[in-house]
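Read the structure below first, then the notes.
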Amino acid sequence: MTPIERLFALILFLPVAGLIDDAYGRYSGINWVYGVDRLMSEPALLESILLSFWVALLSLLISLFVARAVTQKVVNTHDSPLWRSLLLGMPHSALALGLLLALSAGGVGWRWLAPILDFPVDAQYLFPRDRWGLGAILSLGIKESAFLTAIAVIIAKRLPLHSYRAIAAQAGLTPSECHHQLIWPQILRSLWPAIFVVFVFSLTNLEVSLILGPDQPQLIGVRLFQLLIDPDPLNRQAGSIGLITLLVILGLIWLVFQILNRPQASNKRWSLPGLDVVARLFTISFSGLICMATISLLIWSVTLRWNVLEPFPIVSVHTLTSIFSLLTPFMTTLLVGFATSTIAVCVAVGILEYSVFRGHDRLHWVWWAYLWMPALPMASGFLAWLYFLGGSPGVWPVILGHTLIALPYVLIIVSDTWFDRDIRHEMILKQSSMSVCLRLFRVWVPRHSRLLVLAGALAFAVSCALYTQTVLLGGGRVETLMTELIVTVGSERRSSALAGLINLLLPLVAFTLAFLINQFSWRHRAGMQGEGYADSR
Amino acid sequence: MLIRSVVLIGLFFGTLATYASDWSETERQARGQNVYFYAWGGSPAINKYIKRWGAIVKERNGVSLNHVKVDDISLPLQGIQTAKRIGKSDYGSVDVLWINGENFARMKRDGLLGASFVSTLPSAKNINLDDPTIIADFSVTTDGLEAPWGRARLVFIYDEKRISNPPRSMQEMYEYAKEHPGRLTYPEPPNFHGTTFLKQVLLETTQHIDWLSEPYSSERFDSATEPLWKFLDSLHPHLWRTGREFPDSAEVMMDLFSDGLLDITLSFNPNDASQRIIDGRFASSVRTYVHDGGTIGNTHFLAIPFNATARAGALVWINLLLGTEAQADKASPSVWGDPTVIDVMRLTEEDRLLFESVDLGPATLTSDALGTPLSEPHASWVEPLEVAWKARYFGQIQ
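Read top to bottom, the protein sequences are chains A and B.
For the first sequence, this note's numbering gives the first residue as -18, with consecutive numbering after it.
For the second sequence, this note's numbering gives the first residue as 150, with consecutive numbering after it.
Structure (structure tokens):
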């Protein structure tokens, strides 16, 4: 562990310390046993926990299944990464809201489908906020399959794919069998930190659970959040105890993941002809749902009213003038997002170069740990330390909080390529007597600029999607499109649809901009499009 | 006699002069201050109203108003509690709060409110501070610690094209639900409107209505609420989605009603339906009604926390909101439609005209039709009610 990694590990530990302090009852002055009693007296707590694990596990399995199939397609066809980036940048909550407005009874999708299927259009059914959490699983499955695919593709590019394919062909395996039998197990071995990120996020997220999660009882993340923000100190203490217990359970699950990740020899030959078809069906359905969610957001943002028995809504384009009320949150989102992505990319470059200098060739687990930590304890712990250090909530703490979440994403995206540099180039540069800084800014940053711009866009998208950090570290005063969206969810549908639509589009604009910048800046650099490792091919 | 009269007159004008100079001093201090106003941000109409009057207070008094939109006031409340706990009595992040009775009772109990201020506001002279719904909030005396801002009244909303004779009591509502399964529901407690619905059922069903105005007692709770649970147990299977899910808020219920998926919705603002008709969100045939035995009514308030950074600015902002112009503007359904707390009989004829000229819209009931409001149960009953509802219906999926 380098000193920088130790520092960041300490930063990660501080919120947990704050949480333990709160759970122990230093602030409430109540013995922790009463906090445990209060937590245990929560009705249907066990149902909440079981339901949350079910949602987390099933959405993880679906995401893995889709990622496995899509990765095969991407590594075989060198598909353009833009569409994956777009899906990756889409905020969870905006997508969840779009799905809610599309699929629930009275939603756009149902209004269109019901006459075709000959069902009553005013039928009442319990989806997507269903008792099995299928709505939340659907939304998480779509988003997390994009995340896992992105990481899996990065890992796959480091493997000697040509050799695998040649050997597989000689052994009489089809390209599909080669992927499932030889390549995917290799990817999976390195993918586990990302898998754990998906599991933790699915288990503890707030936004998707609030919008699409079941109601009675709610998922555990929502219930702990409600306890933590309750004005009653005993409830807050119970919430802290619940979160610490959750962290301990996550630690145990991490150990299980480690055991499952041990290399296992398998002679079983993958010959499931239907697997690729099912995966394709999944990806097509997911694409259709994303389109339907976006269209629903657009329709509801201009709809005055729409009786289910009427074929078309009564719309008013005039309602779009309320977009001006989102100007301040829009500007704040831009400011916070831009500052976050700039700082995150700069810090990531510094950390990576320092790691290279120290002879490392892999990203340390501490960066993944930032993504394993549920957002709520992290944000509330930072807030406690902010007060302790005499600070107060505001824009800068929000930017700091966003950066700490966005930084690991940037590191994960860039690290493999950064570490995978040709040793001969490094030696030549050292012999040229250029200083470390000069080498960094004249050679390594320009060579990786394409990926750095994309990572910056991803950091921007991450910042756009953060709610808990913004609301807690901003003291409620920092208004972003995400806070607007959450305030309007459960209130006026037209406003929430509009906020959701803009929230959905903003990261897409960032990715498109990144794509165009790369196209423009690399137009005369033929042969260097491979982000550094191009020359070694 | 003459001397006594002169002394009294002198004292009267002296007091007036002191009062005026005190307020001038407050206005002087307020100039240039940033006021952070924490208020629910889920309604574009209310947000617009606050924004417009925020610009006016800036122009008139030099106070910069920042509306911090919240979906749950618990979060800022927690910040105030933390400050109290660590003994930080100044530079708080909240200057003005829009709170309900439950949170007021909690803030008052925990000493989170500053000094009494309502009587120092020049605009308060037009408000009847002896009004029972202003003296007490959820049966807890306000003691000038929070300023009345608007009046609330539980009303039910229906479309006269769909229903000719809406149910006018909880018993009739149950009969209606049985005949029209899935067409009624209520917001999920502890949502404010959901809890209000529970309280309305409690008031209409309990045998011990007098207990409810007194602080909660666990011995009385079971016998007071037994008819409530019996009623809800029989009602739930006939509700929207067979009572397995409840809308998150009254706003979600409004959308379901507007979509034609519910027959009746509810609001705590008697002008709400008219405002939505004007806005185009409701059909023009939508109307409002109340139960024959009356419905819950109360007043909503603005409070200043003990550690407000801009207390003078907060006072100036509240004073402006309680002024005749702001209250008349707020009462108009085309703006917000929130009934005024001003006693219009105290106004000059010119000012009274401001209120009389407000078109309340087609769906607003007259004050005679609204009748006398039912008093809220004591604030201490709210949490046990919500906890009991959750314990009874959470995880009890059929």
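We put the CB at the ideal spot given by N, CA and C, even for glycine.
Remember, it's a predicted structure, so these values are computed and weren't measured experimentally.
Contacting residues, own chain, Cβ-Cβ under 7 Å from residue i (five flanking each side not counted)
i: I136 (chain A); result: I168, S171 and L172
i: K237 (chain B); result: N456
i: S407 (chain B); result: R430 and F431
i: S517 (chain A); result: For S517 (chain A), the predicted structure reports a pLDDT of 35, less than 50, and the residue's modelled location is therefore unreliable. A value from the coordinates is still provided. Hits under 7 Å: D403.
i: R504 (chain A); result: none
i: I426 (chain B); result: S433, V435, G510, P511 and A512
i: G318 (chain A); result: F441, S444 and C445
i: D308 (chain B); result: A432, S434 and V435
i: L352 (chain A); result: V178 and P389
Those residues which DSSP pairs with residue i across a bridge
i: I445 (chain B); result: B:L523
i: E498 (chain B); result: DSSP output for E498 (chain B) lists no bridge partner at all.
i: R300 (chain B); result: B:T448
i: A285 (chain B); result: B:T290
i: V296 (chain A); result: A:T284
i: P454 (chain B); result: B:L262
i: L241 (chain B); result: It should be noted that the sequence gives Gly, not Leu, for residue 241 (chain B). Per DSSP, B:A457.
Of the listed residues the options, nearest to residue i (C-alpha basis)
i: A477 (chain B); options: B:V289, B:D492, B:L464 and B:A463; result: B:D492
i: W113 (chain A); options: A:P174, A:I386, A:N186 and A:L31; result: A:L31
i: R317 (chain B); options: B:R541, B:Q182, B:M494 and B:G442; result: B:G442
i: V490 (chain A); options: A:C418, A:L68 and A:A150; result: A:L68
i: I361 (chain A); options: A:V181, A:L41 and A:G220; result: The sequence shown places Ser at residue 361 (chain A), not Ile. Out of A:V181, A:L41 and A:G220, A:G220 has the C-alpha closest to the C-alpha of S361 (chain A).
i: N549 (chain A); options: A:A387, A:S416 and A:Y145; result: A query on residue 549 (chain A) cannot be resolved here, the shown segment of chain A reaching from -18 to 518 and no further.
i: L410 (chain B); options: A:L479, A:S85 and A:N499; result: A:S85
i: D114 (chain B); options: A:M273, A:G269 and A:L285; result: Since the first residue shown for chain B is 150 and the last is 547, residue 114 (chain B) is missing from the structure and cannot be characterised.
i: I306 (chain B); options: B:D221, B:K539, B:P419 and B:V243; result: B:P419
i: G260 (chain B); options: B:L503, B:L294 and B:M402; result: B:L294
i: I483 (chain A); options: A:F400, A:P292, A:L279 and A:W377; result: A:L279
Residue interval of the beta strand (DSSP E) (run including residue i)
i: Y307 (chain B); result: V304 to D308
i: Y438 (chain B); result: V435 to Y438
i: V245 (chain B); result: V245 to I248
i: S213 (chain B); result: S213 to V219
i: R423 (chain A); result: That residue, R423 (chain A), is in no beta strand (DSSP E); it is neither H nor E in DSSP.
i: F186 (chain B); result: N183 to W189
Range of the contiguous alpha helix (DSSP H) that encloses residue i
i: I199 (chain B); result: P193 to N210
i: F370 (chain B); result: S367 to L384
i: F182 (chain A); result: W165 to T185
i: F492 (chain A); result: R474 to S502
i: S416 (chain B); result: No alpha helix (DSSP H) contains S416 (chain B), which is instead part of the beta strand (DSSP E) from I413 to S416.
i: T(-17) (chain A); result: Taken as a continuous stretch (DSSP letters only), T(-17) (chain A) belongs to no alpha helix (DSSP H), as it is neither H nor E.
i: T354 (chain B); result: F341 to T354
i: L410 (chain B); result: From DSSP, L410 (chain B) is part of no alpha helix (DSSP H); its letter is neither H nor E.
i: D403 (chain A); result: Per DSSP, D403 (chain A) belongs to no alpha helix (DSSP H) and is neither H nor E.
i: N57 (chain A); result: L26 to T58
Separation of residue j from residue i, as counted between CA atoms
i: L333 (chain A); j: H216 (chain B); result: 42 Å
i: S398 (chain B); j: L233 (chain A); result: 38 Å
i: G471 (chain A); j: T302 (chain A); result: 21 Å
i: A204 (chain B); j: A232 (chain B); result: 30 Å
i: P297 (chain B); j: Y240 (chain B); result: 25 Å
i: M71 (chain A); j: L486 (chain A); result: 8 Å
i: Q510 (chain A); j: I276 (chain A); result: Its pLDDT being 46, under 50, Q510 (chain A) is placed unreliably by the model, and the measurement read from it follows with that caveat. Rounded to whole angstroms, Q510 (chain A) to I276 (chain A) spans 35 Å at the Cα level.
i: V424 (chain A); j: V395 (chain A); result: 15 Å
i: P389 (chain A); j: F177 (chain A); result: 14 Å
i: E532 (chain B); j: V17 (chain A); result: 19 Å
i: R234 (chain B); j: Y8 (chain A); result: 7 Å
i: A515 (chain A); j: S322 (chain A); result: Here the model assigns A515 (chain A) a pLDDT of 41, short of 50, so the residue's position is not dependable, and the following value carries that caveat. Cα-Cα distance, rounded: 26 Å.
i: F417 (chain B); j: N196 (chain B); result: 17 Å
i: W530 (chain B); j: R201 (chain B); result: 37 Å
i: A179 (chain B); j: A463 (chain B); result: 8 Å
Sequence-distant residues of its chain with Cβ nearer than 8 Å to residue i (five each side left out)
i: W13 (chain A); result: A4, Y5, G6, Q218 and I222
i: R539 (chain A); result: As shown, chain A starts at -18 and ends at 518. That puts residue 539 (chain A) outside it, with no answer to give.
i: L165 (chain B); result: Because the pLDDT at L165 (chain B) is just 49, under 50, the model does not fix this residue reliably, and the value given afterwards should be weighed accordingly. Same-chain partners within the cutoff: there are none.
Beta-carbon proximity list for residue i, same chain, < 6 Å, skipping 5 on both sides
i: N447 (chain B); result: T282, A301 and E525
i: L435 (chain A); result: A495
i: V347 (chain A); result: E(-14), F(-11) and A(-10)
i: I43 (chain A); result: G122
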